[in-house]
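Residue numbers (the working numbering): 39 to 200.
The beta carbon of each residue, even a glycine, is placed where N, CA and C say it ideally should be.
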């Protein structure tokens with residue numbers, strides 16, 4: 039296992055690698071954390087791809103990644119990866135896409151257990167009324183990510199009203 043701390047526009051980003059796979063990406067609020075460097079190729083690749091995403095030149099990630107979870111959680115996270123860059127869906131729409139219309143709460147809970155922030159875009163899922171809900175990194179980061187994607191695409195509002 040290896041990890042690196044990278045300074046992103048959203049704060050110190052912790053990226054963890056195990057067995058050549060990215061297993062965690064999270065943004066931390068601890069003020070005492072400082073950026074670090076790494077010689078691990080997949081961590082360097084993850085930093086490069088995140089920098090490209092934040093610069094607006096990357097719309098999808100092609101990193102080797104894996105996170106532990108049940109078959110249901112894996113299916114939820116795979117569905118998240120199908121949400122196009124700059125688009126949003128509701129938890130209800132996600133449950134419909136998964137042919138599980140009664141599983142909204144379980145799907146929302148699985149979204150909340152996503153350890154691969156940004157790479158597996160749980161920030162693209164909204165509440166049933168279109169409101170910002172449930173983002174472990176804080177709703178301001180979710181809003182920032184959605185606004186960043188809209189601005190990069192040059193579509194819709196550049197500032198979201200929630």
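Would you identify the three-state DSSP class for residue i, choosing helix, strand or coil?
i, result
"residue 84", "helix"
"residue 114", "helix"
"residue 130", "helix"
"residue 147", "helix"
"residue 98", "coil"
"residue 174", "coil"
"residue 196", "With a pLDDT of 49 at residue 196, under the threshold of 50, the modelled position of that residue is not reliable, and the figure given next carries that caveat. Here residue 196 sits in coil by DSSP."
For residue i, report the span of its alpha helix (DSSP H) as first-last.
i, result
"residue 184", "177-191"
May I ask you to check if the CB of residue i is nearer than 7 Å to at least one heavy atom of the ligand FMN?
i, result
"residue 130", "In the structure on display, the ligand FMN does not appear, and there are no ligands present to speak of."
Would you call the CB atoms of residue i and residue j closer than 8 Å?
i, j, result
"residue 16", "residue 159", "This structure gives no information on residue 16, because the portion of the chain shown stretches from 39 to 200."
"residue 117", "residue 80", "no"
Tell me the rounded alpha-carbon separation between residue i and residue j.
i, j, result
"residue 50", "residue 64", "8 Å"
"residue 98", "residue 108", "24 Å"
"residue 124", "residue 78", "30 Å"
"residue 173", "residue 164", "10 Å"
Taking buried to mean at least 16 other C-beta atoms within 10 Å of its own C-beta, is residue i buried or exposed?
i, result
"residue 150", "exposed"
"residue 40", "exposed"
"residue 115", "buried"
Span of the beta strand (DSSP E) holding residue i?
i, result
"residue 51", "49-56"
"residue 108", "Taken as a continuous stretch (DSSP letters only), residue 108 belongs to no beta strand (DSSP E), as it is neither H nor E."
"residue 121", "That residue, residue 121, is in no beta strand (DSSP E); it is neither H nor E in DSSP."
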